[in-house]
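For this note's numbering, add 14 to where a residue sits in the first sequence, where the first one is 1.
Cβ coordinates follow ideal geometry from the N, Cα and C atoms, glycine included.
As the structure is a computational prediction, the values presented were derived from the model and not from experiment.
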Amino acid sequence: MAFERRVRVRFAPSPTGALHIGGVRTALYNYLFAKAHGGDFLLRIEDTDSQRFVPGAEAYISEALAWCGIVPDEGVEQGGPHAPYRQSERREIYVKYALQLVESGNAYYAFDSAESLSALRAECEGRGETFCYDARTRVKLENSLSLPAEEVQKRIERGDQWVIRFKMPECEDVHMDDIIRGHIVINTSTLDDKVLYKSADALPTYHLANIVDDHLMEISHVIRGEEWLPSLPLHYLLYRAFGWSDSQPLFAHLPLLLKPQGQGKLSKRDGDKFGFPVFPLEWHAPDGEVSMGYREQGYLPEAFINMLSLLGWNPGTEQEIFDMQGLINAFSLERVSKNGARFNHEKAKWFNAQWLHSKSDAFLAETILPLLAAKGIDTTVERAAAAIEIVKERATFPADLVDLTYNIFVAPASYDEKSVAKSWKAEDVENLKRLRELLAGETEIDAEATEAKVREWIIAEGLSIGKLMNTFRLAVLGVGQGPSIFAICAFIGLEETLSRIDAAIRTIK
RNA sequence: GGUCGAUUCGUCUAACGGUUAGGACAGAAGAUUCUCAAUCUUCAAAUACGAGUUCGAUUCUCGUAUCGACUACCA
């Protein structure tokens, strides 16, 4: 690029509900790009639609980003040199710029009511046509281009409601560049006169607020979803109308995240109907509906971010596991793909398992201690960590660790019927009794030493290792599968091991 | 309907004119193990279609098809 300037990007969600994973990915790519270039990441809240405002949505967005480890340099919570970062608190700014556009002839007042326009739309549709507020139709509608100046003045003074519309050039090719998509040309004849400002609520629409704020906040790169591509020419023209073309940001339109099944882009309303969350955090909608979140499902933020980062971007190497710093180091917009991605829940689980396995036993013990307590298991971090070490690699979620360690902590209350049918034969039980005698002669159980001793004994006696081990496991755990039985016995101790064997011999028929 | 964008294994993707089209998840088989996982090995699996351009197209161009976005006083 011809000019060098500080990289400043923004994530600008509108608080109309929870942030879905597509939004989180957009925030993530913005963050990675900013950090990869030593720049700033801002969080701006675009609450210019008073109708769709949802209480709690903004707090949710901040909390979700924080959970992901995406911390804004400037924004609604942390403030900054361009505060306020909430568009509803910047009203005076937008009127000024909207009027400037009217004065320079790039925009005009329009008095048509929303009702009359939708009636017009319906009428056109009836004829199989599409209504478009543009150079062809605006002369016939009620606006400051068609009405005499005095009439316009009168209506405004009288307090009639009006909007300011952009005066789209009639027929002009707009040449645009997108970092991901390359050069794009669109002719203005296919575009309409978009509303920029509404007197009814004294608020701008997205288009105006967006351009004004990006300019004022010195945004260098706009990285947003592909759904914005059709309005890119409008934005180019707006920068030009303001005389800001030279400092206009560079654009990158990200491919969309698609619904896992069916068609269309992923939306907030998809909630959790696919059997997995679309939101980072559990979302309690104002209407009382609750949608599940990745955090509550047991995803580690690292895994969630890692999984999301690879949905539409790849490092060009075969590395798949990345922490945030690794992503920052590897990220580039040039390696973002052009096509929409369908989210794969199985792969997400795989990422979580990888990250879970990389965590320390102590860390995992801390996280599951409350879950264990809820199941009536009162233990220490050290004890839990020791149990986790035995089962860790077979878990995907922290909750799995609880299930996996439960019958290690708690002596079996019942015994798995299928396994009983398979390994609880009279001779197996007899052999188990003899194994009990052998163990009773020990002073303690050591995972390796005891196993070696028992194996030696089994071979000497000419018994089946598999059979005996299964019976042993069933007696101690109550189930037919699990980690090394000797590791478990070493964990619960000799006394508990013997008592569980006795209980099994007494109970199982 | 119009405008714009996209199209490689089931899914996420690599190969930026020359490869036996690579990897990962999921799937299958095997190894290992006291069992179940984990792990390791192996297998199966794709360039939407049709024309060009070229000595040579996954890659460039055009057309068709399909999918997607947008088409609001929503973002």
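Which whole-angstrom value describes the C-beta separation of residue i and residue j, a residue pair presumed to lie in contact below a C-beta threshold of 8 Å?
i	j	result
I319	G83	7 Å
L415	I404	Not a contact, Cβ separation roughly 10 Å.
L482	D442	7 Å
K208	H221	6 Å
M182	D148	6 Å
T40	R254	Actually they are not in contact, since the Cβ atoms of T40 and R254 sit about 26 Å apart, beyond 8 Å.
L488	S433	5 Å
R179	A124	5 Å
L341	L46	5 Å
P29	E77	So it is not a contact: roughly 13 Å between Cβ atoms.
R105	L217	6 Å
I322	I35	The amino acid occupying residue 322 in the given sequence is Leu; Ile does not appear at that position. Between I35 and L322 the Cβ distance is about 6 Å, and since that is below 8 Å, they are a contact.
P247	M190	6 Å
Nearest-angstrom Cα distance between residue i and residue j?
i	j	result
K49	P329	16 Å
W327	A344	10 Å
L33	E171	41 Å
D460	Q368	29 Å
T393	L324	39 Å
V279	E240	Correcting the residue type first, residue 279 is Lys in the shown sequence and not Val. So the two alpha carbons sit approximately 10 Å from each other.
L9	A112	Nothing about residue 9 can be reported from this structure: the residues present for the chain run from 15 to 523 only.
D61	V493	56 Å
T410	A400	18 Å
T511	G455	13 Å
D516	V424	15 Å
D192	R356	23 Å
I584	R58	Only positions 15 to 523 of the chain appear in this structure, which leaves residue 584 out of reach.
P294	L314	10 Å
W242	V292	21 Å
G161	R150	Note that residue 161 is Leu in the sequence shown, not Gly. Computed Cα separation, rounded: 16 Å.
E582	P244	Not covered by the structure: residue 582. The range shown for the chain is 15 to 523.
H359	F505	35 Å
Q333	V38	22 Å
Per the DSSP calculation, residue i is bridged to which residue(s)?
i	result
M182	DSSP output for M182 lists no bridge partner at all.
S76	Note: S76 sits in no beta bridge, so no partner.
S218	Looking at the sequence shown, residue 218 is not Ser but Pro. Partner(s): Y211.
I200	V188
A266	I237
D54	R22
V304	H298
V177	A124 and K212
Take the Cβ of residue i as the centre, count every other Cβ of all protein chains shown within 10 Å, and call the residue buried at 16 or more, exposed below.
i	result
V23	buried
A413	exposed
I335	exposed
G173	exposed
E470	exposed
V199	exposed
D227	buried
I316	First, the residue type needs correcting, since residue 316 is Glu and not Ile in the sequence shown. Flag for E316 reads buried.
Q262	buried
C13	Outside the displayed range of the chain (15 to 523) lies residue 13, so it cannot be described from this structure.
Q101	buried
I473	exposed
S234	buried
D236	Looking at the sequence provided, one finds Val at residue 236 rather than Asp. Classification of V236: buried, given that the 10 Å Cβ count is 16 or more.
K282	buried
D260	exposed
T204	exposed
P384	exposed
R514	buried
May I ask whether a heavy atom of the ligand NAP can be found less than 8 Å away from the beta carbon of residue i?
i	result
A32	No copy of the ligand NAP appears in this structure; indeed no ligand is present at all.
Handout entry: Entirely enclosed beta strand (DSSP E) segments - the region 79-129, minimum 3 residues
Key = Annotation: the region 79-129 contains the following complete segments of the beta strand (DSSP E) (minimum length 3 residues), in chain order: 121-124.
Practice task
With a floor of 4 residues, list each alpha helix (DSSP H) that falls wholly inside the region 324-357, ordered by position along the chain.
Solution key: Within the region 324-357, the complete alpha helix (DSSP H) runs of at least 4 residues are 338-344.
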